[in-house]
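This note's numbering applies: residue 157 is where the sequence shown begins, and numbers increase by one.
Take a look at the structure below.
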Amino acid sequence: MDDWPTQPIPRVRDTGPQARPRPSRALRPDPGDPARRDPERREPARRDPARRAGAHRAPDPAEPDPDDLDQDDLDRDDPADSAPEGPARRARGREHGHEHGHEHGHGHGHGHGPATPVSSRVRKLLALLLAPFALAALIGFVLLFPSGDAQPATNAGLTPVDGTVTAAQLAPCSPGDSGDGGEGGPQCLNLTVQLDDGPAAGSDIRTTVPVEPTTPRFAVGDDVVLAYNGGEALAGQSYQVVDFQRGFPLVVLAAAFAFAVVALGRWKGLSALGALAVSIGVLVVFVLPAIIEGTSPLLVGITAAGVIMFAVLYLTHGFSARTSTAVLGTMVSLALIGALSALFSAFAALTGLDEETATLVSALGREVDTRGLLLAGIVIGALGVLDDVTVTQTSAVWELRAANPSLTWRQLYAAGVRIGRDHVASAVNTLVMAYAGAALPLLLYSSVSGVGAGAILGSQSIAQEIVRTLVGSIGLVAAVPVTTALAALVAVREPPAEPAAVSPGSPRTA
């Protein structure tokens, strides 16, 4: 190395720790130099004719600074060029050639994502599968939508009136009991209520409420609801205190719930609240009036479940193959739940005539398909939990695919099902506890009635809750493999998401 003539060494682009300055042909080392004997060190210069052509000349003072070299010069100095020939290197060469061709043809560089013909076909297939059901739900919603002409047959002539308790006094219910103090006789609570609305708004009326274990306890300052029977507006006998006003506490709680959802979910939480509003609107505007008009509760429930499913999932999660897969899995699971509900309600001879339904039938004054009402309640009740399971499974499969694009369909399915097992265990327990909590008073009554466990479980009220719980749980269990299989089939045909990379020629920002 000391025998070399003293001449300026040309500047080269330093592209990394493997880059090194290369002498020109005029400064060729002597044959004893290790660099001459090592073929790997000479490989970049031997492979690149442009380097050999430019290496024999002396450096030109007018030569531009290497920092100003274009992308082609940078690519020639890329250390990855010295990598062994293989599929990765050939793919890289094709990618660089495609990008450079566009760069020179258009005067600017732009990246191209991977072609997605298979993904487009899958999206079209999903659309073809879902479009008929979406159209059927929309047509059913239009055809079954209530006209608003029908009125409830009977409401006992009672009108709700709000008021505030201004005075309360405990006294015997019968005037004849006043002489003996009334300690052994029935007690009543004499209330003075100031009416907030109704035909005698602003006036005070006096009414009596019996003190019994089944009646609430009212006190001064309570906001109450009275039932007005249409008699004399200022007569206390025309009113009956039936309940408390709960509007303001519920509004406060709803506001706290909305704040918590938006604070955590932000725009996603806001879209979830919009979807919740759609669900409540469908129930209030469509389901209840349609059943009151006499439409089949089962048809109304299936149509409402379809509308809620499409509207809520797409509104919350957007229009994508992932959401469409969740919708398809939910629809398959709902169909299974509906079929099992119809089968076992008939097999167990469930009529749907529990105490609440009997009260509804007597209030409507017309015949109601109570078994269809039971089935509609099962389908709508299971929809919320199904949405949770199917969306979670599709998201898990897509994230697995993004984390490891080399996973096959079977590997994605197996990993997704492993995730789904834990989710199903908690979801089934949640569903059972929700139904058990709602039926807790009934369970307590049955347990103290003195009859055997078989008779309790076989009663109409308990048996329909058992069918509701077990059928919904079977649908949840089936939703995991069904949705996971669909998601894996779609995800393997989706182009894997790649992290954004900064090209060598693009400016870097701090």
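Cβ atoms here follow ideal geometry from the backbone N, Cα and C, with glycine treated the same way.
How is the beta strand (DSSP E) around residue i delimited, first residue to last?
i	result
Asn560	First-last for Asn560: undefined, no H or E at that position.
Pro316	315-328
Phe400	395-400
Leu382	379-384
Of the residues the options, which one's Cα is nearest the Cα of residue i?
i	options	result
Pro366	Ala375, Val381, Pro342, Asp352	Pro342
Gly296	Ala433, Val438, Val407	Val438
Ala498	Val535, Asn560, Ala414, Gly606	Val535
Thr526	Gly537, Ala519, Ala514	Ala514
Gln549	Asp360, Val298, Leu642	Leu642
Met465	Glu512, Ala491, Arg574	Ala491
Pro445	Pro302, Ala411, Gln396, Ala416	Pro302
Val580	Ala292, Ala419, Ala428, Asp544	Asp544
Pro405	Trp423, Ser603, Asp379, Val623	Asp379
Val456	Ala467, Val441, Leu469	Val441
Ala323	Ser427, Arg362, Leu420, Ser476	Arg362
Ser501	Pro372, Ala619, Leu282	Ala619
Leu326	Val376, Pro288, Gly319	Val376
Leu300	Gly576, Ile612, Leu454, Gly430	Leu454
Gly533	Ser452, Asp578, Leu596, Trp565	Ser452
Leu678	Ser476, Ile448, Ala414, Ala419	A query on residue 678 cannot be resolved here, the shown segment of the chain reaching from 157 to 666 and no further.
Ile493	Ala412, Tyr470, Leu531	Leu531
Gly508	Val607, Leu281, Ser435, Arg624	Arg624
Phe374	Val349, Thr564, Gly358	Val349
Leu506	Ile622, Ala594, Ser605, Gly450	Ile622
Ala538	Ala410, Ile458, Leu284, Ala467	Ile458
Can you give me the Cβ contacts of residue i inside the same chain, cut-off strictly under 8 Å, excluding the 5 residues immediately before and after it?
i	result
Thr364	Cys329, Cys344, Leu345, Asn346, Leu347, Gly392
Val541	Ala583, Thr586, Leu587, Gly628, Leu632
Val317	Leu351, Asp352, Asp353, Gly354, Val381, Leu382, Ala383, Tyr384, Tyr395
Leu599	Ala592, Ile618
Leu282	Ala477, Ser480, Thr481, Leu484, Val646
Ser605	Ile612
Excluding sequence positions up to five away, which residues of its chain have a Cβ less than 6 Å from the Cβ of residue i?
i	result
Val524	Val517
Val638	Gly485, Val488
Ala389	Pro355, Ala356
Thr546	Ala482, Gly485, Thr486, Ala635, Thr639
Gly387	Ser394
His473	Thr479
Which residues does DSSP list as the beta-bridge partners of residue i?
i	result
Asp360	Gln350
Tyr470	According to DSSP, which records beta bridges pairwise, Tyr470 is partnered with nothing at all.
Pro445	Paired residues: none, contrary to the question.
Pro366	Cys344
Once you ignore the five residues that flank residue i on each side, which residues in its own chain have a CB closer than 7 Å to its CB?
i	result
Ser398	At residue 398 the sequence reads Val, which differs from the Ser that was named. Once the five neighbours on either side are set aside, the close Cβ partners of Val398 are Val381, Leu382, Ala383.
Leu568	Val553, Leu556, Arg557, Ala644, Ala647, Val648
Leu286	Ser480, Val483, Leu484
Ser562	none
Gly430	Leu471
Val417	Gly425, Ala428, Leu429
Gly421	Ala428
Asp224	Low per-residue confidence applies at Asp224: pLDDT is 46, beneath 50, and the placement is therefore not dependable, though the value from the model is reported in the following sentence. Excluding positions up to five away in sequence, the list is empty.
Helix, strand or coil, according to DSSP, for residue i in the structure here?
i	result
Val607	coil
Leu345	strand
Pro372	coil
Ile612	helix
Arg649	coil
Leu509	coil
Pro453	helix
Ala595	coil
Gly521	coil
Phe297	helix
Ala206	Residue placement at Ala206 cannot be trusted, given a pLDDT of 43 that sits under 50; what the coordinates show is reported in the next sentence. Looking at Ala206 - three-state DSSP - the assignment turns out to be helix.
Ser551	helix
Leu291	helix
Pro355	coil
Pro302	coil
Gly533	helix
In terms of residues, what are the limits of the alpha helix (DSSP H) holding residue i?
i	result
Val488	477-503
Val407	403-421
Glu388	Per DSSP, Glu388 belongs to no alpha helix (DSSP H) and is neither H nor E.
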